[in-house]
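To keep things clear, I will list the structure first and then write my remarks on it.
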Amino acid sequence: MLLNILFAIFSVFSLKTDASSAFSFSDETDVFPRYKKLLVDIREQNITPLEAENEFKSILGILKKSYPNTLDSSQIGNFVFPLTQSDYSAVGGNGSGFYIKNFNLFDHSVSGSHPAHDIFIYDPDQDCKDNRKQDYVDIVSVGNGVVLAVEKDWTDSSEYRGGNYVWVFDFERGGLWYYAHHRKVVVEIGQIVKPGDKLGEVGRTGFNAKNKRSDTHLHLMYLELDQDYYPKPKNYYVWLKNAETIRKSTQAEGIKRLFFGKLSLIKPLPPKKIAVRNFDLKVKRKRV
Ligand SMILES: [Zn+2]
1 MLLNILFAIF SVFSLKTDAS SAFSFSDETD VFPRYKKLLV DIREQNITPL
51 EAENEFKSIL GILKKSYPNT LDSSQIGNFV FPLTQSDYSA VGGNGSGFYI
101 KNFNLFDHSV SGSHPAHDIF IYDPDQDCKD NRKQDYVDIV SVGNGVVLAV
151 EKDWTDSSEY RGGNYVWVFD FERGGLWYYA HHRKVVVEIG QIVKPGDKLG
201 EVGRTGFNAK NKRSDTHLHL MYLELDQDYY PKPKNYYVWL KNAETIRKST
251 QAEGIKRLFF GKLSLIKPLP PKKIAVRNFD LKVKRKRV
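Those letters in the sequence shown? Residues 1 to 288, per the UniProt record's numbering, in order.
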């Protein structure tokens, strides 16, 4: 704890000189910008599906080595419901919204599937606030992981479907979570998130989600990886049914609110220095 405080204080004082290097990841953590580039290249069809698959497997190979998973797919573990003050009754079609016809993460031309669950808020006037409490609804991390990619700059003229999104690599389950359509994203790539940490707020961003006929929701997909790191969507409805509901989100470590309400990112730790077994992230912090 003391180390943590010292680290935060040091970061505040070093902000002026060090602000531009806040994102200087070590060599092995270039997986974060690589993953974002891969998503954009797939979306814009700058690369072939095979090239995309190879790059994905290379990135995931590095992540899996850095963060070996601790649960197998039959175990649920700690699982927090992805929206605060909500539960599985908010899942579209009682879970029947999940269907796979064709799915290929690497081929943008393949469509017609919905390998995800949509989780709704009550927002008849479509202002993104839940009418029952007249407030925005927090999207929280369901498990322990690292933020792999974010999109924050979606605008009405953007054609892509996900809108503002967050990808999290799940340490324990070893797969990938894709949270989409946020009105606001509050995490940065490389940040470590725990169950219940706020990722953003439910919104209507995305090519279809912005339309009147769409009700305000979170789109949440989970991709399991086989032994060759090939991704396959999993129907995780049973996890949602057994999830713990939390009232209030927590703030992910690494973002501290400084004077004048400014947000600052404390440099993320290189993956290999993190004790993944017990997730005690407060030990062995070392400034690099
Ligand atoms: Zn959806």
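Don't be surprised by glycine CBs; every beta carbon is placed ideally from N, CA and C. All figures in this text were calculated on a predicted structure; none of them were measured in a lab.
Taken from the Cβ of A243, every heavy atom of ligand 1 lies 7 Å or farther away.
Remark: C-beta atoms of F81 and E244 approach each other more closely than 8 Å.
Residue burial is scored here from C-beta neighbours: Q191 has at least 16 other C-beta atoms within 10 angstroms and is therefore classed as buried. Ranked by Cα distance from H182, the first of E172, A90, N208, K152 is K152.
Contact annotation: the stretch 221–234 does not touch the stretch 199–212, with fewer than three C-beta pairs closer than 8 Å. For F103 against S113, the beta-carbon gap comes to about 5 Å, under 8 Å, which counts as contact. Contact annotation, Y35 with I59: C-beta distance approximately 5 Å; criterion of less than 8 Å satisfied.
The stretch 85–93 and the stretch 174–188 do not touch, with fewer than three beta-carbon pairs separated by less than 8 Å.
Annotation for G145: no alpha helix (DSSP H) segment contains it, though the beta strand (DSSP E) segment containing it runs 145–151. Between V166 and L199 the beta-carbon gap is near 5 Å, inside 8 Å, which marks them as a contact. Set against 7 Å, the gap from the CB of A90 to the closest heavy atom of ligand 1 is not smaller. Only exposed fits T48, as fewer than 16 other CB atoms lie within 10 angstroms of its CB.
Distances from the CB of A149 to the heavy atoms of ligand 1 are all 7 Å or more. A direct Cα-Cα distance of roughly 21 Å separates F171 from K241. Considered as a whole, the stretch 43–123 harbours 49–66 as its complete alpha helix (DSSP H) runs of no fewer than 4 residues, in chain order.
The beta carbon of K248 is closer than 7 Å to those of T84 in its chain, skipping five residues each way along the sequence.
Close CB contacts of K101 within its chain, under the 8 Å cut and outside five residues either way in sequence, are with G112, S113 (chain order). Annotation for K234: S73, G175, Y222, L223, E224 place their beta carbon closer than 8 Å to its own, counting only its chain and skipping 5 residues before and after.
Per DSSP, the unbroken beta strand (DSSP E) holding K198 starts and ends at 198–201. Proximity to A252 across G163, D125, Y230, V185 peaks at V185, based on C-alpha coordinates. Closer than 7 Å to some heavy atom of ligand 1: that describes the Cβ of H219. The C-beta separation of F79 from V146 comes to about 17 Å, leaving the pair out of contact by the 8 Å criterion. The straight-line gap separating the alpha-carbon atoms of K64 and D125 is approximately 43 Å. Here DSSP, grouped into helix, strand and coil, assigns W167 to strand. For S89 and Q227, the gap between their C-alpha atoms comes out near 34 Å.
For K232, the uninterrupted beta strand (DSSP E) run begins and ends at 231–233, by DSSP. Each residue's CA atom was taken as its position, placing F207 and R213 some 12 Å apart. Rounded to the nearest whole angstrom, the CA to CA distance from K37 to E188 is 15 Å.
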